[in-house]
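Residue numbers (the numbering used here): 271 to 601.
Following: one structure in structure tokens, then a few remarks.
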Ligand code: NAP
Ligand code: F7E
């Protein structure tokens, strides 16, 4: 029997799943990834990039599949990254979002508890800054911290708040080692193109290469606290290595509008006046918008010594360069 630690990662086909698999393998873990559905098109990409990862069929909405996974692979750590993670799309499928993003957390915690792992398996829950909401009455000031008021503004945020509280409840009720990372937006070259940053860097690359004429977006004024995903998965992992379970905000402490992101991204390809290349499409507006997100990472910096390596400017540059290389025709 191997003596290395065993980690089960849900959401392994997603952005954070890729960064986390990379980190855990480098740390010497045996990594198991939960993949849903028959013939999932993203499974092959994970198999190709991480042949050492064992993929397991399972779905957060299927409790029996989770019981089977934890019984068979007996993880020391479970990193629950799986979710319907888009904020806009769940306005049209709120019930599915509640089932996966909310109740799915309960299903996974129960799988650990009823199979007798409450005292031995450490659990990470991917909570989110979307639980805060960015409204006037709870404006962040120096930044939202772990004890700030919650007021989610979307079915996604509401479902995540359930996941957050049920995770804390299992810590308090059963003494489980459950830590929640309240993560502000984090981006990078693995980000899905349905999110605004990657949509922009992909479009900037394609406009630069003459493959696209313009980009259609929703509101440009909202502000987000954008960090680099590689730095954030290191923070998640550090939370499970700490001697006690706790909740931590991961953020940069800076906030930027989408307009600022556009300015930096287009500057990478020498375009200063990007406004004629950006059109508003009402399809990308949301029934309720989160105006501003700004996080205060003081606690995670002090308690866990977490620091980010990649600045906002470096991240935008990295993403545009990556998308130019990806979209460029083969020589
Ligand atoms: P992502 O790229 O959208 O990945 C989501 C993952 O969840 C995918 O692997 C997806 O699998 C999986 N999934 C969806 N429904 C599932 C189900 N029913 N059963 C099992 N797996 C399912 O998200 P991410 O950006 O990596 O984020 C990771 C986690 O952190 C998410 O929980 C997200 O809500 C949270 N979070 C993200 C941010 C951020 O800025 N990135 C900030 C705060 C919190 P398929 O490939 O099969 O679709
Ligand atoms: O939107 C605006 C949009 O979808 C950012 C998820 O990882 O972070 C992410 O959620 C902003 C919003 O991310 C478009 O209205 C304008 O104000 O990139 P996004 P998000 O909603 O902040 C949080 C922390 C999570 O937890 C989530 O899982 O950009 N926006 N035009 C647009 N957004 C998108 N997607 N597409 C547009 O065309």
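Ideal placement from N, C-alpha and C gives every residue a C-beta, glycine not left out.
Only a predicted model underlies this, so the values are computations on that prediction, with no experimental measurement involved.
Cβ-heavy atom distance between residue i and the ligand NAP below 7 Å?
{"i": "residue 511", "result": "no"}
{"i": "residue 456", "result": "yes"}
{"i": "residue 282", "result": "yes"}
{"i": "residue 355", "result": "yes"}
{"i": "residue 286", "result": "yes"}
{"i": "residue 504", "result": "no"}
{"i": "residue 352", "result": "yes"}
{"i": "residue 374", "result": "yes"}
{"i": "residue 336", "result": "no"}
{"i": "residue 573", "result": "no"}
{"i": "residue 342", "result": "no"}
{"i": "residue 472", "result": "no"}
{"i": "residue 370", "result": "yes"}
Leaving out five residues on either side along the sequence, give the residues of the same chain with a beta carbon under 7 Å from the beta carbon of residue i.
{"i": "residue 431", "result": "401, 420, 422"}
{"i": "residue 434", "result": "395, 397, 401, 450"}
{"i": "residue 271", "result": "With a pLDDT of 48 at residue 271, under the threshold of 50, the modelled position of that residue is not reliable, and the figure given next carries that caveat. Counting only Cβ-Cβ distances below 7 Å, and skipping sequence neighbours, we find nothing."}
{"i": "residue 481", "result": "597"}
{"i": "residue 289", "result": "460, 499, 500, 503"}
Among the options, which residue has its Cα nearest to the Cα of residue i?
{"i": "residue 441", "options": "592, 416, 515", "result": "515"}
{"i": "residue 359", "options": "387, 558, 324", "result": "558"}
{"i": "residue 573", "options": "551, 522, 505", "result": "505"}
{"i": "residue 567", "options": "416, 282, 484", "result": "416"}
{"i": "residue 550", "options": "406, 298, 490, 334", "result": "490"}
{"i": "residue 510", "options": "283, 296, 446", "result": "446"}
{"i": "residue 570", "options": "527, 580, 502", "result": "502"}
{"i": "residue 587", "options": "418, 546, 534", "result": "534"}
{"i": "residue 287", "options": "355, 343, 338", "result": "355"}
{"i": "residue 382", "options": "369, 343, 364, 370", "result": "343"}
{"i": "residue 390", "options": "335, 536, 448, 529", "result": "448"}
{"i": "residue 479", "options": "540, 439, 583, 525", "result": "540"}
{"i": "residue 470", "options": "529, 353, 281, 375", "result": "529"}
{"i": "residue 492", "options": "525, 547, 436", "result": "525"}
{"i": "residue 521", "options": "361, 371, 580, 374", "result": "580"}
{"i": "residue 595", "options": "536, 532, 476, 578", "result": "476"}
Bridge partners for residue i per DSSP, in chain order?
{"i": "residue 325", "result": "303"}
{"i": "residue 394", "result": "349, 449"}
{"i": "residue 502", "result": "According to DSSP, which records beta bridges pairwise, residue 502 is partnered with nothing at all."}
{"i": "residue 487", "result": "550"}
{"i": "residue 373", "result": "Residue 373 pairs with nothing; no bridge assigned."}
{"i": "residue 418", "result": "Note: residue 418 sits in no beta bridge, so no partner."}
{"i": "residue 565", "result": "414"}
{"i": "residue 457", "result": "498"}
{"i": "residue 402", "result": "Answer is none; residue 402 lacks a bridge partner."}
{"i": "residue 277", "result": "301, 347"}
{"i": "residue 527", "result": "493"}
{"i": "residue 518", "result": "451"}
Is any heavy atom in the ligand FMN found nearer than 7 Å to the beta carbon of residue i?
{"i": "residue 436", "result": "This structure lacks the ligand FMN; its bound ligands are the ligand NAP and the ligand F7E."}
Would you please state the rounded distance, in angstroms, between the beta carbons of residue i and residue j? I believe it to be under 8 Å.
{"i": "residue 425", "j": "residue 385", "result": "Not quite, the Cβ-Cβ distance comes to about 31 Å (not below 8 Å), so this is no contact."}
{"i": "residue 294", "j": "residue 301", "result": "5 Å"}
{"i": "residue 363", "j": "residue 330", "result": "Actually they are not in contact, since the Cβ atoms of residue 363 and residue 330 sit about 15 Å apart, beyond 8 Å."}
{"i": "residue 452", "j": "residue 518", "result": "7 Å"}
{"i": "residue 413", "j": "residue 575", "result": "That belief does not hold up - the Cβ atoms of residue 413 and residue 575 are roughly 19 Å apart, past 8 Å."}
{"i": "residue 307", "j": "residue 279", "result": "Not quite, the Cβ-Cβ distance comes to about 17 Å (not below 8 Å), so this is no contact."}
{"i": "residue 513", "j": "residue 593", "result": "Wrong, their Cβ atoms sit about 41 Å apart, outside the cutoff."}
Which residues in the same chain have their Cβ closer than 8 Å to the Cβ of residue i, if we skip the five residues on either side of it in sequence?
{"i": "residue 552", "result": "488"}
{"i": "residue 357", "result": "400, 424, 426, 427, 556, 560"}
{"i": "residue 461", "result": "285, 467, 468, 499, 589"}
{"i": "residue 585", "result": "457, 458, 496, 497, 498"}
{"i": "residue 313", "result": "283, 305, 325"}
{"i": "residue 538", "result": "474, 586, 587, 590, 591"}
{"i": "residue 464", "result": "356, 359"}
Given residue i, which residues of its chain have a CB within under 6 Å of its CB, disregarding the five upstream and five downstream residues?
{"i": "residue 320", "result": "291"}
{"i": "residue 346", "result": "275, 276"}
{"i": "residue 230", "result": "There is no way to answer for residue 230, as the model of the chain reaches only from 271 to 601."}
{"i": "residue 486", "result": "549, 551"}
{"i": "residue 601", "result": "none"}
{"i": "residue 543", "result": "none"}
Within 7 Å: the Cβ of residue i and any heavy atom of the ligand F7E?
{"i": "residue 547", "result": "no"}
{"i": "residue 312", "result": "no"}
{"i": "residue 399", "result": "yes"}
{"i": "residue 477", "result": "no"}
{"i": "residue 463", "result": "no"}
{"i": "residue 492", "result": "yes"}
{"i": "residue 317", "result": "no"}
{"i": "residue 497", "result": "no"}
{"i": "residue 469", "result": "yes"}
{"i": "residue 559", "result": "yes"}
{"i": "residue 487", "result": "yes"}
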